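Beneath this line is the structure, given in structure tokens, with notes to follow.
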Amino acid sequence: MKKMIAVLLLMPLLSFAVDDSEPMEDPEFQARYETLVRELRCLVCQNQPIADSNAPLAKDLRRQVREMLLSGSSDSEIYSFMTDRYGDFVLYRPPFVQRTWLLWLAPGIFLLLGGTILARTLRQRAAMPIDDDDEDEGVIE
Amino acid sequence: MTRFIAPIITLAILVGFFFVGLHKDPSIVPSPLIGKPAPVYELPLLLKPDETLGTEKLLGQVYLLNIWGTWCPGCRVEHGALLEIERQNIVPIYGLNLKDDPRLARQWLAELGDPYVATMVDTEGRVSIDWGVYGAPETFLVDHKGMVVHKLIAPINMQIWHEDFLPLIQQLKAAQP
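First to last, the protein sequences are chains A and B. Okay, so the first sequence: first residue is 35 according to the numbering used here, each after it adds one. Okay, so the second sequence: first residue is 15 according to the numbering used here, each after it adds one.
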């Protein structure tokens, strides 16, 4: 059992980088490259960025990013190259547009809603006579 | 009794969301190319490597562009349907052979039959990136002006052909005799 746990704990060490391409010469390019390939979704295996995917398409798109960087494209030019072809879904951070405003604002809306309900409940509780709350406890004693 | 109203409404909304979500296939991503001009490219042909074909040369006709490869199991599944669509002689089908061994591709067509007017060879997959291809087989419908009208990301079959493609093709042909 202990051995098995040890093996399981060591498993993550077996994982290695999927992207086997040479790092780019210019460290600034390399940094931009690493950010870009983490922000772009692999459409074949949708829960992975193209940085982590073994799919041939991810490999081709990494090559595409690299080539565009070398030819002087800006990050936003590379993102729009991808969205022109694959749609906004290729971005891990969807843009704030008409179709996505609810998605972006939902956390705020829910926080506000929850906060309001919480505040109201707390205020109601505070206004309650204390005896009522202790009724059940009295029975247990 | 009134205290149950809010939870019940919340539950109903959630069930509604989940029900709609259940019937959506997240692996199908709508193409931003629909309604836009087909990407411009020119590629050599599989069976006549010294000839090329591409968007500009295909202008003036309504056609299907089918992306396939011998490595793609779904392509084998749809091959019979493509042959049948070709026999109906309604629109020409052009093939785009994606990241394949041309020898295997030629053998595939010789063995299974060739539904394509011509097959273009995209060895490096660059033209396919321009088409936003992410899961072969994919089939595009392009109109006579070179606009992308429809995209299918799945093996085509006769039901999809009749329900999704034919009505669009008939519309296109009615608009431009």
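Glycine included, each C-beta is placed from N, C-alpha and C at the ideal position. Just so it is clear, the structure is predicted and the values come from calculations on it, not from any experiment.
Could you pull out every residue in the same chain whose Cβ sits closer than 7 Å to the Cβ of B:V91, ignoring the five residues on either side in sequence? P169
Quick one: using the 10 Å Cβ neighbour count with 16 as the cut-off for buried, is B:K165 buried or exposed? buried
Under DSSP, the beta strand (DSSP E) around B:A132 begins and ends at which residues? 132 to 136
Just verifying my parser: in three-state terms, what is the DSSP assignment at A:K37? helix
Sort out for me which residues DSSP pairs B:T66 with in a bridge. B:P58
Quick one, are the C-beta atoms of B:L112 and B:V147 less than 9 Å apart? yes
Less than 9 Å between the C-beta atoms of B:M134 and B:L59, yes or no? yes
Between which two residues does the beta strand (DSSP E) holding B:F154 run? 152 to 156
For a test of the three-state rule: what should DSSP assign to B:H176, helix, strand or coil? helix
Among B:Q185, B:I19, B:T153, B:W145, which has the Cα closest to the Cα of B:D51? According to the sequence shown, residue 51 of chain B is Pro rather than Asp. The residue with the shortest Cα to Cα distance from B:P51 is B:W145.
Do A:I112 and A:L104 have their CB atoms nearer than 9 Å? no
Short-range partners of chain A found in the stretch 32 to 48 of chain B, where Cβ spacing is below 8 Å: P40, S41, V43, P44, S45, P46, L47
Is there a Cβ of chain B sitting closer than 9 Å to that of A:D109, yes or no? no
Does the Cβ of A:Y126 have 16 or more other Cβ atoms within 10 Å, making it buried, or fewer, making it exposed? exposed
Taking its Cβ as the centre, do 16 or more other Cβ atoms sit within 10 Å of B:H176, making it buried, or is it exposed? exposed
Residue-level contact to chain A via CB, B:E125, 9 Å cutoff: no
Span separating the alpha-carbon of B:A26 from that of A:G148: 18 Å
Which residues, taken in chain order from the stretch 52 to 73 of chain B, show a beta carbon closer than 9 Å to some beta carbon of chain A? P53
Output needed for B:V54: all residues of its chain with C-beta closer than 6 Å, excluding positions within five of it in sequence on either side, in chain order. T69
Which residues share a DSSP beta bridge with B:W82? B:N111
Please report the straight-line C-alpha distance between A:Q132 and A:G121, rounded to a whole angstrom. 15 Å
So what's B:H37 in DSSP terms, helix, strand or just coil? coil
Cutoff 9 Å: A:E175 Cβ touching any chain B Cβ: In this prediction, A:E175 has a pLDDT of 48, which is less than 50 and means its spatial position is unreliable; what the coordinates show is noted afterwards. For A:E175, the answer is no, since every Cβ of chain B falls outside 9 Å of its Cβ.
Compare the C-beta of A:Q82 with all C-beta atoms of chain B and state if any pair is closer than 9 Å. no
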